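Asks: Can you keep this structure in mind? I'll have questions shortly.
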Amino acid sequence: MNLRQFYILVAVAFIIPILSSCFQVVEEITMRNDGTGDVMLTINLSQSKTKVASVMLLDSVQGYKVPSKQKIQKELGEAAAYLRKSEGITNVKTTSDFNNYIATISFSFKDVSNINNITKNILAQQKIKATNTSSYTYNKTTKTFNRKYQAVASAKTEYNKLKSKDKAVFNGAMYTSIYRFESPVTSTSNSASNLSKSKKAVMLKASVMDLINGKINVSNQIQLSK
């Protein structure tokens, strides 16, 4: 289980009850040449904020309990508390905007490998089985950033167990990864990724449905200028 999977899982926990099919999960990693960096993870429901605001007034929808603002803030707080105790992780912050329905969690890391098992351990605390199918590495000598990813075979199985109305939650849902660097990028291995004009940022977008069905691989090897 990686950061992307964890935040999609969190999104599902909130989004299925409020029946919003327009949501975005955004993963941003800023890498410095010395191997340190920052992460920001965002769940964005702003495209459906009017609908979300209406549903948030209810106790339950379609048999699902609608999470209160206090419940959402509590869950974010618990994740932040765990992160603050994690090796190599500092500067942990969370935000929750209930006008636009956007939640974020951000932190700094000493080494990008520090984030590899964070979500697995958080989910283990919640007694949710998780497999580490993604990892991040950065070689300071060769200036190579590597994001390895393997689709989770059980994702489609779990999706197929959902009711039709619940499956509709994922229609139009998007995942975006943005990796920023101090040095210019000279090459990327994933043809679906896009390089910024400055050549210092790489973005990759995918539909959540393609990720669930294993139709897209978000692995990427990014080579920086030496």
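If you read the sequence shown in our numbering, its first letter stands for residue 4, the second for the next number, and so on. Using N, Cα and C, we set each Cβ at its ideal position, and we do this for glycine too. The model shown is predicted, which means the values in this text are computed figures rather than measured ones.
Using 8 Å as the Cβ pair cut-off and three pairs as the minimum, do the segment 203 to 223 and the segment 171 to 187 touch?
Replies: The segment 203 to 223, when compared against the segment 171 to 187, does touch it at the 8 Å Cβ threshold.
Asks: Please return the same chain residues whose Cβ sits closer than 8 Å to the Cβ of Met34, not counting the five positions on each side in sequence.
Replies: Position 31 of the sequence shown, counting from 1, holds the residue named residue 34. Excluding residues within five positions, the ones whose Cβ falls inside 8 Å are Gly40, Val115, Tyr141, Phe148, Tyr182, Arg183, Phe184 and Glu185.
Asks: Between Ala84 and Ser109, what straight-line distance do the alpha-carbon atoms span, to the nearest angstrom?
Replies: If you number the sequence shown from 1, residue 84 lands on position 81. If you number the sequence shown from 1, residue 109 lands on position 106. Rounded to the nearest angstrom, the two C-alpha atoms are 12 Å apart.
Asks: What residues match up with Thr33 in a beta bridge as DSSP calls it?
Replies: In the sequence shown, the residue the question calls residue 33 occupies position 30. Answer is Asp41 and Arg183, bridged to Thr33.
Asks: Residue range of the beta strand (DSSP E) that Lys170 falls in?
Replies: As a first step, residue 170 must be located in the sequence shown, where it is residue number 167. Note, Lys170: premise wrong, no beta strand (DSSP E); alpha helix (DSSP H) at Ser167 to Lys170.
Asks: Buried or exposed: Arg87, going by 16 or more other Cβ atoms within 10 Å of its Cβ?
Replies: One-based indexing of the sequence shown puts residue 87 at position 84. When all chains shown are included, Arg87 counts as exposed.
Asks: Indicate the three-state DSSP secondary structure (helix, strand or coil) for Ile105 in the structure shown.
Replies: On the sequence shown, position 102 is the one that residue 105 refers to. Correct three-state label for Ile105: strand.
Asks: My understanding is that Ser180 touches Glu30, with C-beta atoms under 8 Å, so please give their C-beta distance in whole angstroms.
Replies: The residue you call residue 180 lines up with position 177 of the sequence shown. The residue you call residue 30 lines up with position 27 of the sequence shown. Indeed they touch by this definition, with Cβ atoms about 5 Å apart.
Asks: Looking at the structure shown, is Asp114 part of a helix, part of a strand, or coil, going by DSSP?
Replies: Walking along the sequence shown from the start, residue 114 turns up at place 111. Residue state, collapsed to three classes: coil.
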